[in-house]
Structure formats: structure tokens, C-alpha cells
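K.L.:
Here it is: the structure, laid out below.
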Amino acid sequence: MNNTDLPLWRQRLKASHSKEGKLASNRWIQLANVSKNNQPRVRTVVFRGWLDNSTMLIYTDKRSEKYIDLESNNNIEVLWLFFKTKSQYRFKGKVYELDDNDKYWDNLLDRSKDQWFWPSPGKKIDNNNTISSIDNRLLKPNNFSVLKININEVDLLKLEKPLHKRYIWKKTDNWRCTEVNP
Ligand SMILES: Cc1cc2nc3c(=O)[nH]c(=O)nc-3n(C[C@H](O)[C@H](O)[C@H](O)COP(=O)(O)O)c2cc1C
């Protein structure tokens, strides 16, 4: 996709991202949601790329708490912080399961695939529980999940001198940029 076809916030994000360099941690984002009992939840996940202009992809385990919680409330906020440009992006959106995720599984490195064969995340360690089926990474396990995050609002705060800058973009407003007080 041509850079100028992207919404302005995507162009800004791309610029911030490329300034950070090649560290794996540049793709660590924080995903927040609301649990079934109405409690806030937040954790780090790896950003796995864009499906389209405003849809991010992440991978997770269907046995995890977040997956179960998101089934009953798919509203999320994602936070992505870029150190070099002192830019904080907050994305509001909704999460959906990507039905056909075979190619994402096939493209994962073997060492990344392994964790989907580990025992259930969050359950008490059972030392008798051996890690099974790990040799068969060709078969995609049922607990592998690719989630789409459909972004509908972006809030960028840039720490600049003398004044910080803050911009809001809304999908319902055709991604028009509104500058607001920081
Ligand atoms: C650097 C880093 C990257 C992570 N990436 C992912 C990820 O891509 N997907 C994921 O489900 N969990 C990832 N995790 C683990 C989550 O932060 C979290 O501990 C786990 O998913 C269980 O969360 P839950 O109980 O809220 O579902 C990552 C953790 C760290 C520290």
C-alpha cells in the first residue's frame, strides 16, 4: 500500500516505529480489556502486523483469560509507546477472531509455535504434566488464535517542547485529525 493512502495516524505511527530501529521490543504493545466481572485487565502482546488500514493482528491462546473475557466483551484499548519520538498512541477498538489463520501458523518459527503446546496458561503447575505433541508442529493446535483489532479511534500524545501535542482521529469522522489540548 502506498504511504499516502494510509490514514495520517498510520503514517505518523510508521515514522515513529521506524525511528525505533530493529529491537523486538518495538512490537510489544499493551492490550487492555474489561473482564467478565467488570475488572480492568492489561497485558503485553506482540503486534503481528496490519490486516488493512485500521486492523491490527495479534496471536493468542484460546485457553487464556483474555480470550475468554473478550468473547463476552470485545471492547479493548491498545497502548503503544515509542521512546525515541516520545509518542504515546492509544487505540480504541473491538476484537474479532480471524477465521482462517492457517497461513499465520505456518509462518511462525518452531520455537514460537511451542507455547501453544504448553499446559493451559494461568493454571497451577502440575509437575506430572509433560509437554505433549510438541514434535508435531505441522498440525495447528485448536488453541491457536489470531485476533483482529478493528481500530475506531486513535489518540496520539507527543511530548514536544515547548508544548506537548495531542491529536485524535475517529473512523466515524473519516479519520479527520483533531488537535486537542495535551
Ligand atoms: C514481551 C511479551 C510479549 C508477549 N506476547 C504475547 C502475545 O503475543 N500473545 C499473548 O497471548 N500473550 C503474550 N504475552 C503474555 C501476556 O502478557 C500474558 O501474560 C498472557 O497472555 C496471559 O494473559 P491473560 O491471562 O490476560 O490472558 C507476552 C508477554 C510478554 C512479556
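So the mapping is simple: this note's numbering equals the position in the sequence shown, first residue as 1, plus 247.
Ideal placement from N, C-alpha and C gives every residue a C-beta, glycine not left out.
For clarity, every value in this text was computed on a predicted model and none was experimentally measured.
My assumption, with CB atoms under 8 Å, is that I398 sits in contact with S301. Please give the rounded CB distance.
P.N.:
Sure, about 4 Å apart at Cβ, within 8 Å.
K.L.:
By alpha-carbon positions, which one of N428, E400, V393 ends up nearest to K412?
P.N.:
When only C-alpha atoms are compared, the closest one is N428.
K.L.:
For the putative contact between F294 and N348, defined by C-beta atoms under 8 Å, what is the C-beta separation to the nearest angstrom?
P.N.:
With 8 Å as the limit, F294 and N348 do not qualify as a contact, their Cβ atoms being about 16 Å apart.
K.L.:
Rounded to the nearest angstrom, how far is the Cβ of Y306 from that of V393, given a contact under 8 Å?
P.N.:
That pair is a contact at about 6 Å.
K.L.:
Using the rule of at least 16 other Cβ atoms within 10 Å of the residue's Cβ for burial, across every protein chain shown, is V342 buried or exposed?
P.N.:
Answer is buried; the Cβ neighbour count reaches 16.
K.L.:
In terms of residue numbering, what span does the alpha helix (DSSP H) encompassing E407 cover?
P.N.:
Taken as a continuous stretch (DSSP letters only), E407 belongs to no alpha helix (DSSP H), as it is neither H nor E.
K.L.:
Would you call the region 361 to 377 and the region 309 to 325 touching, i.e. three or more CB-CB distances under 8 Å?
P.N.:
With a cut-off of 8 Å, the region 309 to 325 and the region 361 to 377 count as touching, because enough Cβ pairs lie within range.
K.L.:
Is E324 a contact residue of ligand 1, with contact defined as CB to any heavy atom under 7 Å?
P.N.:
Outside the cutoff, so no.
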